[in-house]
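Report on one structure; see the data block that follows.
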Amino acid sequence: MLPMKIDAGVLGTGFYVPDRVLTNHDLEKMVDTSDAWIVERTGIHERRLAPDKTPVSELAFQAAQRALADAGTSPEELDLIILATLTADCVCPSAACVLQDRLGAKRAAAFDLSAACSGFVYASSVAAQFIATGTYRRVLVIGAETLSKYVNWEDRNTCVLFGDGAGAAVYGPVEEGYGIRAFDLGSDGSGADLLGIPASGSRHMITEEIIRKRLNRIHMSGREVFRFAVRVMPATLLRSLERAGLGPADIDWFIPHQANIRIIQAAAKRLAIPPEKFIINIGKYGNVSAASIPMALAEAAGDGRFRKGDIVALAGFGAGLTWASCIMKWAKED
Ligand code: ACO
Numbered sequence: 002m003l004p005m006k007i008d009a010g011v012l013g014t015g016f017y018v019p020d021r022v023l024t025n026h027d028l029e030k031m032v033d034t035s036d037a038w039i040v041e042r043t044g045i046h047e048r049r050l051a052p053d054k055t056p057v058s059e060l061a062f063q064a065a066q067r068a069l070a071d072a073g074t075s076p077e078e079l080d081l082i083i084l085a086t087l088t089a090d091c092v093c094p095s096a097a098c099v100l101q102d103r104l105g106a107k108r109a110a111a112f113d114l115s116a117a118c119s120g121f122v123y124a125s126s127v128a129a130q131f132i133a134t135g136t137y138r139r140v141l142v143i144g145a146e147t148l149s150k151y152v153n154w155e156d157r158n159t160c161v162l163f164g165d166g167a168g169a170a171v172y173g174p175v176e177e178g179y180g181i182r183a184f185d186l187g188s189d190g191s192g193a194d195l196l197g198i199p200a201s202g203s204r205h206m207i208t209e210e211i212i213r214k215r216l217n218r219i220h221m222s223g224r225e226v227f228r229f230a231v232r233v234m235p236a237t238l239l240r241s242l243e244r245a246g247l248g249p250a251d252i253d254w255f256i257p258h259q260a261n262i263r264i265i266q267a268a269a270k271r272l273a274i275p276p277e278k279f280i281i282n283i284g285k286y287g288n289v290s291a292a293s294i295p296m297a298l299a300e301a302a303g304d305g306r307f308r309k310g311d312i313v314a315l316a317g318f319g320a321g322l323t324w325a326s327c328i329m330k331w332a333k334e335d
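Written as structure tokens, this is what we have:
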């Protein structure tokens, strides 16, 4: 584990979703599906879609502004910006640099982090390293996605699942014994083909054939990813808890990656965590990949659900394959 010298915790949070709502009933008109199937098999009722010309950096900007205001931090105070996304504005430059300029965060270093749905927890652990060593005092971490731009709207297996949005947190030094207590990160690239956007980088140049085969859109082996998720989410959380010297019964709030309500229910059963401790917003937003955990975190923090000293657990899994979890002792005053 980290030889943490300075404890790093959340100073403020914020989230943003675009206005346009796509309901399951809207999808019934687009593909052979039904509201009943989607709700029963996934727990999703509706999702948000960004306008065609809105890049992910814009969603990130809106969420970041709210997190900075909540933390009482000005953009000029930021030392580092980490933007977790798999739908960056372009391959180069990073969306984090676009965001850095948009915010006017003149002193900040900035980079994108690619770990799919585990991205926010990966990025939070990176922020904690810089703060623990005293290198940086203010790190802005964002999870933001515009997955709707990569969905194949003719594929009912995937188009019902994903949505757009952004969640952000400002991290900084907190009172000793509070903030991030432990984390667990992992990967298994042997599962790379199970989930991804095959023609979105240097492997395949975009050709007419690529477009015809929809290889520039999301492809997923749903059942295999489901099995992986049910296995890995409890396993990573238990490792983080053990490193923090805690057990499942110590958790006050659990924020899982919001991919499918049945995955969350399976994890709840395996860990024996009561349902009222789960923070779940999949019904409203669908799977927003790297944005799902910080959106739920910001929504719950904004509702005033957390008390200082609460144990808040985060756990994600996704393309890569990747997984990540983190245990925090909530440091912010009520
Ligand atoms: N509407 C109606 N029927 C559908 C739909 C739909 N939208 N989608 C699939 N079906 C059909 C299938 O075609 C299949 O029909 P068949 O038996 O005639 O072939 C049937 O429903 C059952 O299909 P399954 O794939 O077994 O359905 P399942 O219950 O597994 O649910 C789902 C599919 C929701 C995709 C599920 O497997 C799942 O959630 N997987 C995990 C996805 C995930 O967690 N991704 C996270 C990572 S995201 C990231 O990193 C970006």
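Residue numbering for the sequence shown follows the working numbering, beginning at 2 and increasing consecutively.
Every residue gets a Cβ at the ideal spot worked out from N, C-alpha and C, and that includes glycine.
Being a predicted model, the structure only gives us computed values, none of them experimental.
Neighbourhood of VAL18 by C-beta distance below 6 Å, restricted to the same chain and skipping five residues each side: Looking up residue 18 in the sequence shown gives position 17. Within the same chain, VAL18 has close Cβ partners ARG49 and GLY166.
Taking all protein chains shown into account, decide if ASP20 is buried (16 or more other Cβ within 10 angstroms of its Cβ) or exposed. In the sequence shown, residue 20 corresponds to position 19, counting from 1. With fewer than 16 other Cβ atoms within 10 Å, it is exposed.
Report the residue ranges of all beta strand (DSSP E) runs contained in full by the region 239-298; include only those spanning at least 3 residues, in chain order. 254-257
Is it true that the CB of VAL11 sits closer than 9 Å to the CB of MET296? The count along the sequence shown starts at 1 and reaches residue 296 at position 295. The count along the sequence shown starts at 1 and reaches residue 11 at position 10. Not in contact: MET296 and VAL11 (Cβ atoms no closer than 9 Å).
Local conformation of ASP182 per DSSP, three classes: Translated into the one-based positions of the sequence shown, residue 182 becomes position 181. The question names Asp, but residue 182 is Arg in the sequence shown. Of the three classes helix, strand and coil, the one that applies to ARG182 here is strand, per DSSP.
Should MET221 be counted as a contact of the ligand ACO given a C-beta to heavy atom distance under 8 Å? Taking the sequence shown and counting its residues from 1, one reaches residue 221 at position 220. It does: the Cβ of MET221 is within 8 Å (strictly closer) of some heavy atom of the ligand ACO.
How big is the Cα-Cα spacing for VAL142 and ARG108? Along the sequence shown, read from residue 1 onward, the residue named residue 142 stands at position 141. Along the sequence shown, read from residue 1 onward, the residue named residue 108 stands at position 107. The alpha-carbon atoms of VAL142 and ARG108 are separated by roughly 15 Å.
Excluding sequence positions up to five away, which residues of its chain have a Cβ less than 7 Å from the Cβ of LEU23? The residue labelled residue 23 in the question sits at position 22 within the sequence shown. If we look at LEU23 and ignore the five residues flanking it on each side, its Cβ neighbours are GLU47, ARG48 and LEU50.
Which first and last residues belong to the beta strand (DSSP E) in which ILE83 is found? Within the sequence shown, residue 83 is the residue found at index 82, counting from 1. Note, ILE83: beta strand (DSSP E), 81-85.
State the start and end residues of the unbroken beta strand (DSSP E) segment that holds LEU12. The sequence position of residue 12 within the sequence shown is 11, counting from 1. It spans 9-17 - the beta strand (DSSP E) in which LEU12 sits, taken as one unbroken run.
Thinking ASP335 and GLY310 are a contact (beta carbons under 8 Å), I'd like their distance in whole angstroms, please. Start at 1 with the first residue of the sequence shown, and residue 335 comes out as number 334. Start at 1 with the first residue of the sequence shown, and residue 310 comes out as number 309. No, ASP335 and GLY310 are not in contact; Cβ-Cβ is about 10 Å, not under 8 Å.
Length of the line joining the Cα atoms of ARG271 and ALA250: As a working mapping, residue 271 is identified with position 270 in the sequence shown. As a working mapping, residue 250 is identified with position 249 in the sequence shown. Whole-angstrom Cα-Cα distance: 12 Å.
Heavy atom of the ligand ACO less than 8 Å from the Cβ of ILE132, yes or no? Locating residue 132 in the sequence shown gives position 131, where the first residue counts as 1. Flag unset: Cβ of ILE132 not near the ligand ACO.
I think LEU340 touches LEU81, with their Cβ atoms under 8 Å apart; what is that distance to the nearest whole Å? Because the chain is modelled from 2 through 335, residue 340 falls outside the range shown and cannot be assessed.
Any heavy atom of the ligand ACO within a distance shorter than 8 Å of the CB on PHE227? To locate residue 227, count along the sequence shown from 1; it is residue 226. PHE227: yes, Cβ under 8 Å from the ligand ACO.
From ALA133 to ALA111, what does the alpha carbon distance come to, in whole angstroms? As a first step, residue 133 must be located in the sequence shown, where it is residue number 132. As a first step, residue 111 must be located in the sequence shown, where it is residue number 110. Taking the straight line joining both Cα atoms gives about 19 Å.
In angstroms with no decimal places, state the Cα-to-Cα distance between ILE198 and SER222. One-based indexing of the sequence shown puts residue 198 at position 197. One-based indexing of the sequence shown puts residue 222 at position 221. Whole-angstrom Cα-Cα distance: 12 Å.
When the Cβ atoms of the region 71-78 are set against those of the region 175-182, are three or more pairs found closer than 8 Å? no
Start and end of the alpha helix (DSSP H) containing VAL92? For the purposes of this step, residue 92 is taken as residue 91 along the sequence shown, with counting starting at 1. No alpha helix (DSSP H) contains VAL92, which DSSP labels as neither H nor E.
Hey, is HIS258 close to the ligand ACO, as in C-beta under 8 Å from one of its heavy atoms? Residue 258 sits at position 257 when you count from the first residue of the sequence shown. Correct: HIS258 has its Cβ closer than 8 Å to the ligand ACO.
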